[in-house]
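Here's the structure, in structure tokens; my notes come after.
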Amino acid sequence: MKVLACLDRSDQAPRVLENALELATWQKAELVFVTVVEDFIDFGEGVSTDFQDMLRSEGRKVLDLALARARDTGVAARAVLEEGPSAADAILALAEEEHPDVIVMGSRAKSGLDRFLIGSVASKVVTHAFCSVLVLRWGEPPKRNRPAPAEDGFPA
Numbered sequence: 002m003k004v005l006a007c008l009d010r011s012d013q014a015p016r017v018l019e020n021a022l023e024l025a026t027w028q029k030a031e032l033v034f035v036t037v038v039e040d041f042i043d044f045g046e047g048v049s050t051d052f053q054d055m056l057r058s059e060g061r062k063v064l065d066l067a068l069a070r071a072r073d074t075g076v077a078a079r080a081v082l083e084e085g086p087s088a089a090d091a092i093l094a095l096a097e098e099e100h101p102d103v104i105v106m107g108s109r110a111k112s113g114l115d116r117f118l119i120g121s122v123a124s125k126v127v128t129h130a131f132c133s134v135l136v137l138r139w140g141e142p143p144k145r146n147r148p149a150p151a152e153d154g155f156p157a
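In case it helps, the numbering used here puts the sequence shown at residues 2 to 157.
Structure representation (structure tokens):
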């Protein structure tokens with residue numbers, strides 16, 4: 002099994018990370034993290050290049066933190082930094098290459114120029130992905146007790 006986890010700088014990214022790690026652990030799956038740096042409008046010579054460089058750097062930091070967390074939990078993982086005009090298209094193209102069994106992503110991201118992944122693209126990924134997509138709702142997760150998995154791996 003393979004899990005593709007879409008990460009960004011939003012407040013929801015830690016939930017996406019933890020859910021992807023839990024799923025990968027439970028299913029003994031390979032985990033691929035992706036962050037997409039979207040292209041932005043050219044604001045003049047040097048300005049857009051500096052901004053894109055900053056977004057790439059931030060994206061690499063997100064991926065480095067995710068890889069460290071996966072290493073700490075004993076999950077085999079690797080990371081991909083994608084770039085392009087559309088986060089949804091980049092995620093879908095990577096899914097075509099990677100053939101994941103499931104894509105894990107948030108339901109929305111930061112607004113404005115802080116945003117570089119997910120948000121309204123979740124619906125496009127759900128609509129066009131060839132695999133299942135787990136979209137995590139925005140906000141605090143409900144408090145619940147999880148049953149321990151039975152010997153066959155399914156919750157009792």
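Heads up, the beta-carbon is just placed ideally off N, CA and C, and yes, glycines get one too.
*asked:* I'd like the span of the alpha helix (DSSP H) that includes Ser108, first residue to last.
replied: Careful: Ser108 lies outside any alpha helix (DSSP H) and carries neither H nor E.
*asked:* Under 8 Å, with one C-beta from each stretch per pair, do the region 49 to 63 and the region 89 to 98 reach the 3-pair mark?
replied: Two segments are said to touch when three or more pairs of C-beta atoms, one from each, lie closer than 8 Å; by this definition the region 49 to 63 does not touch the region 89 to 98.
*Anyone know if the C-beta pair for Asn20 and Val105 falls short of 7 Å?*
Yes, they are a contact pair.
*With distances taken from CA atoms, which of Val76, Val103 and Ser108 is nearest Phe131?*
Residue Val103 holds the alpha-carbon nearest to the alpha-carbon of Phe131 among Val76, Val103 and Ser108.
*Kindly indicate which residue of Ser121, Val33, Arg16 and Glu83 has the alpha-carbon position closest to the one of Arg72.*
Distances from the alpha-carbon of Arg72 to those of Ser121, Val33, Arg16 and Glu83 put Val33 closest.
*Measure the Cβ-Cβ separation of Ala88 and Val37 and say whether it is below 7 Å.*
The beta carbons of Ala88 and Val37 sit closer together than 7 Å.
*asked:* Please state the DSSP three-state secondary structure of Asp12.
replied: Under the three-state reduction of DSSP, Asp12 is assigned to coil, being neither helix nor strand.
_DSSP state of Ala80 mapped onto helix, strand, coil_ = Ala80 carries a strand assignment under DSSP once its states are collapsed to helix, strand and coil.
*Just checking my contact of Pro101 with Leu5 at CB under 8 Å: how many whole Å lie between their CB atoms?*
So it is a contact: roughly 4 Å between Cβ atoms.
*Where Lys125 falls: helix, strand or coil (DSSP)*: The three-state reading of DSSP puts Lys125 in helix, counting H, G and I together.
*DSSP beta-bridge partners of Val35*: In DSSP, Val35 forms a bridge with Cys7 and Val81.
*Per DSSP, Leu137 is paired with what?*
Per DSSP, Gly107.
_Check whether Thr77 and Leu68 have beta carbons under 7 Å apart_ = Position check: residue 77 holds Ala in this sequence, whereas Thr was assumed. Cβ atoms of Ala77 and Leu68: not closer than 7 Å.
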